[in-house]
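To start, the structure itself, in structure tokens.
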Amino acid sequence: MTMKSPELSRRSFVKASGSLALLAAAGGAVSTADNLFGEVEPAQAAAEDKIVWSQCNVNCGGRCIFQWHVKDGKIAYMLTDDTGNDDFQARACLRGHAMRQWINHPDRLQYPMKRTGPRGTGKFERISWDEAIDTIADKLKYTIETYGNDSIYINYATGMYSATGRTTERLMNCLGGYLPMYGDYSTGMHQYVMPFMYGVGVSPYENVSASSVDQAGKADLVLMFGNSPADNRMGGANVVWDYARVREEGPEIIHIDYRYNETAAGHPEEWLPIRTGTDAALVAGVAHELIEKGWINLDFLHRYCQGYDEETMPASAKGQNKSYYDYIMGTGYDKVEKTPEWAAEITLVPAKTIRELARKLHEANSVYVVQGWGLQRHSNGESATRAVCMLALLTGNLGREGTNSGMREAEPPGAPVGSIPSSDDDPNGVPENMVNAKISCYSWLKCIAEGSDFQKELDAADELALFMGAQDPEAAAAAAKIEAPKNGIKFLWNYAGNCITNQHGDVNRVFETLSDEKKCEFIVVCDTFMTDSAKYADILLPDAMRAEQLNMSTNGYSEYYWGVTVGGPAQEPPFECRPIYDVHAEIADRFGVKDKFTAGKTQDEWVRSIYEEGAAEDPEMPTWDQILEQGVWKRELPTAIAFEKNVADPVGNPWKTPSGKIEIYSEALEKIASERELSEGQVISPIPIFDPGVEGYGAVTSEYPLYMSGWHDKARTHSSFGALEVLRDYNRHRLWINPIDAEPRKINDGDMVRVKSPAGEVQVEAHVTSRIVPSVIAMPQGFWHEANMESDKLDTGGCINTLTTYTPSPLAHGNGPSNSIIAEVRKV
Ligand code: SF4
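This note's numbering applies: residue 128 is where the sequence shown begins, and numbers increase by one.
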């Protein structure tokens with residue numbers, strides 16, 4: 128990583144550094160990483176024909192910038208961003224540097240294929256594009272006529288980001304609509320529950336509800352709950368770089384995590400080890416100490432919050448001991464005092480350390496509380512994610528410099544350009560989706576399994592609209608009209624995603640459900656590799672990579688950098704690979720709606736018109752011809768302080784909750800809890816409590832005596848890059864186990880072990896390390912499932928979702944159980 132130039136301020140305006148000639152001149156600076164991946168020797172740079180700009184297309188969110196160096200029409204090697212101020216260079220990580228190997232991999236899908244064996248077994252034969260498109264069009268017609276448009280679902284997928292890559296929704300809107308989803312696999316529980324606390328419209332992606340990382344540098348104390356950008360957001364202009372700079376500014380940083388993660392690595396004093404899934408119990412123990420010592424910021428709580436104590440409870444809940452104070456001090460519903468000793472037993476964090484943490488919170492002038500998304504991906508995640516925010520609220524660390532809301536770091540609000548729209552404003556264009564049903568992105572399997580018995584689902588905004596009906600009758604009326612899909616899901620689209628199996632809960636259960644072809648009758652997959660999800664396709668299509676098309680992408684998660692990159696194609700798509708836009712246009716043609724779908728434009732013409740639409744709103748953006756030449760345009764964004772305006776003027780800027788305040792106690796959640804049928808062990812609580820959850824604390828048995836969790840690691844972005852040997856070799860896939868748990872099982876570092884949970888079994892290499900707390904084992908998510916599904920189903924690929932159970936979370940219907948697993952390990 129390039130060091131900061133002392134004479135350049137982080138806050139200085141940044142713009143791309145110019146012409147291709149200039150960039151070509153800079154091209155000799157080949158990074159160490161390039162050589163690691165066997166990309167190029169500097170002498171090659173002189174022989175290149177051209178440089179083509181592009182961005183990393185995966186869902187790490189960094190959107191790092193690539194310079195493809197092209198010779199004789201083929202990508203010769205890749206360099207990364209070297210434009211503008213070092214602090215804003217979106218420099219690729221090791222994964223991005225391996226992208227050329229993905230593009231040119233011999234295992235790329237080459238031709239359209241149709242399934243010849245049972246679903247999930249990966250048996251296919253080559254067919255023509257005409258046959259593939261005719262078959263898809265025929266099945267679409269049949270499905271619409273027989274079951275209705277609400278039986279056609281577009282699965283959650285994030286493997287191919289760009290302005291052009293996701294046009295299935297547009298195609299389906301030309302044909303009468305499709306069953307839409309809400310939520311996502313990354314932040315589903317957090318995304319759903321936060322509006323009940325901080326208000327409608329609050330998003331984990333907005334810089335009004337979370338502070339930018341530079342505010343952490345202004346804090347005295349930074350509390351990180353399960354947040355390790357060095358594992359998952361490690362490109363330049365991404366959060367790991369921002370935190371490296373925060374550390375230079377000197378606040379005390381505490382990493383609360385069940386493992387000594389890569390962001391803390393090298394700073395062992397920063398690691399506060401905790402049992403997985405028990406963060407809310409730690410918060411409760413700290414809250415008890417804060418209350419007992421009189422270190423609570425009562426003025427803040429009384430002015431801005433509902434439900435801290437009896438005085439701030441809504442009329443409907445007064446006199447019932449339902450406040451947060453009652454819960455913590457043992458006068459609440461469970462009559463258990465949440466002392467540090469109580470928390471210590473659950474969390475493994477000593478009571479003395481919990482008291483010390485409370486003291487630090489009290490003594491700091493400003494505290495930046497932040498969480499990663501792994502914590503909410505537990506079966507108790509909807510309560511735990513709110514509980515973390517309580518440390519900011521109890522101490523009044525919100526709305527001013529050096530503070531945060533407890534949510535993840537802020538991200539840029541939007542981007543300078545959009546993407547091919549799913550519908551048009553023009554009344555003669557593509558209409559909006561006409562289907563009046565929706566499901567959570569994690570419910571699709573349940574919807575297939577239950578068919579016409581599947582119950583209606585509402586998202587958080589709809590639930591709140593119904594609750595607040597009198598205040599917002601229009602929104603409440605719209606929410607009331609939402610229906611359940613009538614026949615379940617009969618047709619599944621899956622473009623560039625691995626959420627049919629690998630990234631979904633309980634792979635074995637997916638196999639059982641999808642094996643019954645009467646349930647979901649047809650599956651189309653378009654991808655670049657034979658992923659495990661692709662094995663379930665009835666028709667499998669070979670996609671073109673972003674570098675093989677004119678492509679346009681925008682800024683990612685770095686909260687300071689806003690911009691756009693345009694370029695390509697760097698080389699032609701191989702074999703019969705095609706951009707999905709062209710495929711969709713041909714399908715539209717079979718229905719006689721091609722002109723509507725394309726609006727008379729090729730994909731390249733769309734890219735230009737979308738860019739020019741964005742540039743028309745922003746006079747500082749380059750013209751189309753200029754961006755084609757310079758490839759990259761960037762701009763600095765201002766710092767963000769979470770809820771700054773609300774705290775400064777709560778009357779003028781009330782929180783968009785029913786009470787207009789931050790709702791520690793939510794009447795809306797209380798109502799949902801009283802009405803919803805929950806599975807055994809599931810809880811919806813109006814206040815942020817510690818709830819053990821399903822397969823959480825206390826659920827271990829003699830058969831499954833260990834807790835298990837997963838994390839996002841460096842070798843893959845979710846399951847993207849999973850086919851690349853170079854990354855697998857660089858960062859081996861291993862199960863972490865503490866020596867205390869390994870020794871009685873006679874497991875040594877490097878042994879092959881089998882991990883068994885109630886859902887399935889995987890085989891993987893063991894890594895015996897004290898970087899993980901005792902009683903907890905863990906391995907990274909995203910490795911590719913590899914099993915004989917017609918035989919023992921033993922997963923030798925080591926996919927963590929072979930071990931997860933499929934229990935949609937109680938509130939968001941999300942993938943809460945992803946990190947809540949009980950298991951046993953034995954040496955092979
Ligand atoms: S995987 Fe993420 S950090 Fe790495 S190059 Fe791609 S966008 Fe950047």
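Idealized CB from N, CA, C, for every residue including glycine.
Review point. If A715 sits next to D670, beta carbons under 8 Å apart, how far is it from one beta carbon to the other, in whole angstroms?
Key: Position 588 of the sequence shown, counting from 1, holds the residue named residue 715. Position 543 of the sequence shown, counting from 1, holds the residue named residue 670. Not quite, the Cβ-Cβ distance comes to about 18 Å (not below 8 Å), so this is no contact.
Check your understanding: By Cβ distance, which residues of its chain are closer than 8 Å to D161, with the 5 residues on each side in sequence left out?
Key -> As a working note, residue 161 is residue 34 in the sequence shown. Residue placement at D161 is flagged as unreliable, the pLDDT there being 38, under the threshold of 50; the coordinate-derived value follows with that caveat. Around D161: V167, Y204, M205, L206 and H224.
Point to revise | Candidates G247, A290 and P245: closest to E740 by CA position | key: As a working mapping, residue 740 is identified with position 613 in the sequence shown. Out of G247, A290 and P245, A290 has the C-alpha closest to the C-alpha of E740.
Practice item. Tell me the start and end of each unbroken alpha helix (DSSP H) in the stretch 473-554 that is at least 4 residues and wholly inside, in chain order. Key: 478-490 and 508-521
Check your understanding: Per the contact definition of three or more C-beta pairs closer than 8 Å, is the stretch 335-348 in contact with the stretch 536-545?
Key -> yes
Exercise for review: For the beta strand (DSSP E) holding G690, just list the boundary residues, first then last.
Suggested key: Here residue 690 refers to the residue found at position 563 of the sequence shown. Run containing G690: Y688 to G694, per the beta strand (DSSP E) assignment.
Review point. How about V557 and S567: are their beta carbons less than 7 Å apart?
Key: On the sequence shown, residue 557 is found 430 positions in, with the first residue counted as 1. On the sequence shown, residue 567 is found 440 positions in, with the first residue counted as 1. No. Outside cutoff.
Exercise for review: State buried or exposed for P322, treating a residue as buried only when at least 16 other CB atoms are found within 10 Å of its CB.
Suggested key: The residue you call residue 322 lines up with position 195 of the sequence shown. Buried, by the Cβ-count rule.
**Study point:** CA-to-CA distance, I927 to N875, given in whole angstroms
**Key:** Taking the sequence shown and counting its residues from 1, one reaches residue 875 at position 748. Taking the sequence shown and counting its residues from 1, one reaches residue 927 at position 800. When rounded, the distance between both Cα atoms is 21 Å.
Practice item. Counting only the same chain and skipping the five closest in sequence on each side, list residues whose C-beta sits under 6 Å from that of E379. Key: To locate residue 379, count along the sequence shown from 1; it is residue 252. Excluding sequence neighbours, E379 sits near L348.
Practice item. Run through the stretch 184-225 for me and flag every whole beta strand (DSSP E) of 3 or more residues, listed as ranges in chain order. Key: 192-198 and 201-207
Review point. Counting along the chain, where does the alpha helix (DSSP H) carrying I279 start and finish?
Key: Your numbering for residue 279 matches position 152 in the sequence shown. Note, I279: premise wrong, no alpha helix (DSSP H); beta strand (DSSP E) at I279 to I281.
Check your understanding: By how many angstroms is the C-alpha of A795 removed from the C-alpha of S812?
Key -> Translated into positions along the sequence shown, residue 812 becomes position 685. Translated into positions along the sequence shown, residue 795 becomes position 668. Going by the C-alpha atoms only, they are around 10 Å apart.
Exercise for review: Determine the contact status of H845 and Q630, defining contact as a CB-CB distance below 7 Å.
Suggested key: For the purposes of this step, residue 845 is taken as residue 718 along the sequence shown, with counting starting at 1. For the purposes of this step, residue 630 is taken as residue 503 along the sequence shown, with counting starting at 1. Cβ atoms of H845 and Q630: closer than 7 Å.
Point to revise | Ordered list of beta strand (DSSP E) runs contained in the stretch 805-881, each at least 3 residues | key: 833-838 and 861-864
Practice item. Check whether the Cβ of R222 lies closer than 6 Å to any heavy atom of the ligand SF4, and answer yes or no. Key: The residue you call residue 222 lines up with position 95 of the sequence shown. Yes, the Cβ of R222 comes within 6 Å of a heavy atom of the ligand SF4.
Exercise for review: Report buried or exposed for N492, applying the criterion of at least 16 other Cβ atoms within 10 angstroms of its Cβ.
Suggested key: Here residue 492 refers to the residue found at position 365 when the sequence shown is read from its first residue. So N492 counts as exposed.
Exercise for review: Determine contact between the stretch 585-594 and the stretch 297-307, defined as no fewer than three beta-carbon pairs at a distance below 8 Å.
Suggested key: no
**Study point:** DSSP bridge partner residues for Q890 (one or two, in chain order)
**Key:** Along the sequence shown, one-based indexing puts residue 890 at 763. R881.
Practice item. Assuming T530 and A514 form a contact by the criterion Cβ under 8 Å, report the distance between their Cβ atoms to the nearest whole angstrom. Key: Taking the sequence shown and counting its residues from 1, the one referred to as residue 530 is at position 403. Taking the sequence shown and counting its residues from 1, the one referred to as residue 514 is at position 387. Not a contact, Cβ separation roughly 17 Å.
Review point. Between the C-alpha atoms of E375 and N865, what's the straight-line distance to the nearest angstrom?
Key: Start at 1 with the first residue of the sequence shown, and residue 375 comes out as number 248. Start at 1 with the first residue of the sequence shown, and residue 865 comes out as number 738. Their backbone Cα atoms lie some 32 Å apart in a straight line.
Practice item. Round the Cβ separation of I814 and Y792 to the nearest angstrom and send it over; I've been treating them as touching at under 8 Å. Key: The residue you call residue 814 lines up with position 687 of the sequence shown. The residue you call residue 792 lines up with position 665 of the sequence shown. Yes, they are in contact, since the Cβ atoms of I814 and Y792 sit about 5 Å apart, within 8 Å.
Review point. Any idea what DSSP makes of V367, helix, strand or coil?
Key: Taking the first residue of the sequence shown as 1, we reach residue 367 at position 240. Note: V367 maps to helix in three-state DSSP.
Point to revise | Span of the alpha helix (DSSP H), counted from its first residue to its last, around D406 | key: The residue labelled residue 406 in the question sits at position 279 within the sequence shown. Here the alpha helix (DSSP H) through D406 covers D406 to E419.
Check your understanding: Which residues in the same chain have their Cβ closer than 7 Å to the Cβ of R735, if we skip the five residues on either side of it in sequence?
Key -> The residue given as residue 735 occupies position 608 in the sequence shown. The residues are W751.
Review point. For R713, which residues from the same chain have a beta carbon less than 7 Å from its beta carbon, with the 5 sequence-adjacent residues on both sides left out?
Key: Here residue 713 is taken as the residue at index 586 of the sequence shown, counted from 1. Correcting the residue identity first, residue 713 is Glu in this sequence and not Arg. Excluding sequence neighbours, E713 sits near I260.
**Study point:** Spatial distance of E610 from N282 (CA atoms)
**Key:** Within the sequence shown, numbered from 1, the residue matching residue 610 stands at position 483. Within the sequence shown, numbered from 1, the residue matching residue 282 stands at position 155. Rounded to the nearest angstrom, the two C-alpha atoms are 19 Å apart.
Exercise for review: Please name the residue, chosen from T828, E951 and Q498, that lies closest to F352 on a Cα-to-Cα basis.
Suggested key: The count along the sequence shown starts at 1 and reaches residue 352 at position 225. Closest by alpha carbon: Q498.
Exercise for review: Along the beta strand (DSSP E) that carries C574, what are the first and last residues, could you check?
Suggested key: The residue you call residue 574 lines up with position 447 of the sequence shown. No beta strand (DSSP E) holds C574; the alpha helix (DSSP H) holding it covers W571 to E577.
Review point. Whose C-alpha, out of D176, D311 and M324, is nearest the C-alpha of K783?
Key: Translated into the one-based positions of the sequence shown, residue 783 becomes position 656. Of D176, D311 and M324, the residue nearest in Cα terms is M324.
**Study point:** Candidates S570, P749, W422 and C704: closest to A674 by CA position
**Key:** Working through the sequence shown from its first residue, we reach residue 674 at position 547. Selected option, being the one with the closest Cα: C704.
Check your understanding: To which residues of the same chain is Q447 closer than 7 Å at the C-beta, ignoring the five residues directly before and after it?
Key -> In the sequence shown, the residue the question calls residue 447 occupies position 320. Around Q447: no qualifying Cβ.
Exercise for review: Given a cut-off of 7 Å, decide if G434 and A217 are closer than it, judged by their beta-carbon atoms.
Suggested key: Within the sequence shown, residue 217 is the residue found at index 90, counting from 1. Within the sequence shown, residue 434 is the residue found at index 307, counting from 1. No.
Review point. Sorry if obvious, but does the Cβ on A219 come closer than 6 Å to a heavy atom of the ligand SF4?
Key: For the purposes of this step, residue 219 is taken as residue 92 along the sequence shown, with counting starting at 1. Because some heavy atom of the ligand SF4 lies under 6 Å away, the Cβ of A219 counts as near it: yes.
Practice item. State yes or no: is the C-beta of S902 within less than 7 Å of the C-beta of Y824? Key: Residue mapping note: residue 902 aligns to position 775 of the sequence shown, counting from 1. Residue mapping note: residue 824 aligns to position 697 of the sequence shown, counting from 1. Going by C-beta atoms, S902 is not nearer than 7 Å to Y824.
Exercise for review: Have a look at S945 and N678 and give me their C-alpha separation to the nearest angstrom.
Suggested key: The residue given as residue 945 occupies position 818 in the sequence shown. The residue given as residue 678 occupies position 551 in the sequence shown. When rounded, the distance between both Cα atoms is 33 Å.
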